[in-house]
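Engineer: So that we are looking at the same thing, I have put the structure below in structure tokens.
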Amino acid sequence: MIELQHLTKRYDATVAVDDLSFKVEPGHVTGFLGPNGAGKSTTLRLILGLDAPTSGQALVDGRRYASLRKPMFEVGALLDASAVHGGRSAFNHLLCLAATNGIGATRVAEVLELVGLASVARKRVAGFSLGMKQRLGIAAALLGDPGVLLFDEPVNGLDPDGVRWIRDLMRSLAAEGRTVLLSSHLMSEMALTAERIVILGRGRLVAHSTVNELTARYPSLEDAYMALTASSVQFGAAR
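Residue numbering for the sequence shown is 79 to 317, as defined by my numbering.
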């Protein structure tokens with residue numbers, strides 16, 4: 079489970095995340111939505127200990143990420159698919175990551191097979207398409223077989239078959255009892271993939287609901303998103 083408790087992050091006069099509190103429960107794909115600048119990426123970085131909060135805390139199964147002795151066994155994340163060394167092969171890239179947590183080459187081969195990159199495992203990452211890099215980033219997130227997974231826009235660069243594969247993978251991971259937090263700007267895809275939705279606006283929590291509850295109140299998930307984020311902009315202007 080992921081739990082945010084009054085999480086706040088300020089950069090000088092800018093409030094990127096504003097007193098944010100919510101839980102992401104296991105067993106579901108939770109969609110993480112919000113306009114550009116809403117604070118989604120900052121929130122993910124705070125959960126992963128890449129940024130320090132100004133106040134409040136982000137917990138993974140009751141602990142801060144920085145306190146995890148072998149974090150890959152607890153949490154897997156894909157934030158930036160392009161953050162790879164282009165001169166390394168896919169296999170060696172993952173093997174270097176795996177070694178930091180005592181994970182062996184057998185598991186590296188397994189995750190490359192799982193994400194459909196086994197045939198290019200020995201090729202340099204510099205020659206990979208964005209979609210292939212997304213798959214490699216997902217493989218890295220799965221190395222330690224963690225119970226908590228965070229993905230930031232994982233369908234970028236994927237063809238329709240790849241998008242369907244991501245959808246099926248996310249849902250299967252959640253069905254295994256994992257906690258899956260999925261950031262995406264594709265409303266139609268989120269409606270097919272996620273069961274629960276968290277929406278941010280100007281760094282604040284706008285909605286935390288199920289997809290069924292939102293689509294019962296609005297014609298579609300996209301309509302719900304547009305209405306709720308519009309209200310958050312008006313609230314921000316009033317403040």
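Quick reminder that beta carbons are idealized off the backbone N, C-alpha and C, glycines included.
Which whole-angstrom value is the C-beta distance of Arg259 and Leu228, which I expect to be below 8 Å?
Structural biologist: Indexing the sequence shown from 1 puts residue 259 at position 181. Indexing the sequence shown from 1 puts residue 228 at position 150. Before going further, note that residue 259 is Leu rather than Arg in the sequence given. Yes, they are in contact, since the Cβ atoms of Leu259 and Leu228 sit about 5 Å apart, within 8 Å.
Engineer: In whole angstroms, what is the alpha-carbon distance linking Arg141 and Ala305?
Structural biologist: Your numbering for residue 141 matches position 63 in the sequence shown. Your numbering for residue 305 matches position 227 in the sequence shown. Spanning the two alpha carbons is a distance of roughly 35 Å.
Engineer: Enumerate in chain order the residues of its own chain whose CB-to-CB distance from Gly255 is below 7 Å, with the five nearest sequence positions on each side excluded.
Structural biologist: The count along the sequence shown starts at 1 and reaches residue 255 at position 177. The residues are Pro104, Gly105.
Engineer: Under three-state DSSP, which class holds Leu175?
Structural biologist: Sequence index remark: in the sequence shown, residue 175 carries index 97 (1-based). Residue state, collapsed to three classes: helix.
Engineer: For Gly222, count neighbouring Cβ atoms within 10 angstroms of its own Cβ and tell me buried if that reaches 16, exposed if not.
Structural biologist: Taking the first residue of the sequence shown as 1, we reach residue 222 at position 144. By the 10 Å Cβ count, Gly222 comes out buried.
Engineer: Can you name the start and end residues of the beta strand (DSSP E) that Leu111 belongs to?
Structural biologist: Here residue 111 refers to the residue found at position 33 of the sequence shown. Leu111 -> beta strand (DSSP E) spans 106-111.
Engineer: Which residue's Cα is closest to the Cα of Ala116: Asp96, Phe100, Leu128?
Structural biologist: In the sequence shown, counting from the first residue as 1, residue 116 sits at position 38. In this structure, Asp96 is the residue among Asp96, Phe100, Leu128 with its C-alpha nearest to the C-alpha of Ala116.
Engineer: Return yes when the Cβ of Ile125 is within less than 8 Å of the Cβ of Lys101, no when it is not.
Structural biologist: Here residue 101 corresponds to residue number 23 of the sequence shown, with the count starting at 1. Here residue 125 corresponds to residue number 47 of the sequence shown, with the count starting at 1. Not in contact: Lys101 and Ile125 (Cβ atoms no closer than 8 Å).
Engineer: From Gly109 to Leu192, what does the alpha carbon distance come to, in whole angstroms?
Structural biologist: Within the sequence shown, numbered from 1, the residue matching residue 109 stands at position 31. Within the sequence shown, numbered from 1, the residue matching residue 192 stands at position 114. Answer to the nearest angstrom: the Cα atoms are 23 Å apart.
Engineer: In angstroms with no decimal places, state the Cα-to-Cα distance between Gly281 and Ala199.
Structural biologist: As a position in the sequence shown, residue 281 is number 203, starting the count at 1. As a position in the sequence shown, residue 199 is number 121, starting the count at 1. If you take the alpha carbons of Gly281 and Ala199, they lie about 39 Å apart.
Engineer: List the endpoints of the continuous alpha helix (DSSP H) containing Ala189.
Structural biologist: Taking the sequence shown and counting its residues from 1, the one referred to as residue 189 is at position 111. Here the sequence assigns Val to residue 189, which means Ala is not the residue at that position. Per DSSP, Val189 belongs to the alpha helix (DSSP H) from 183-192.
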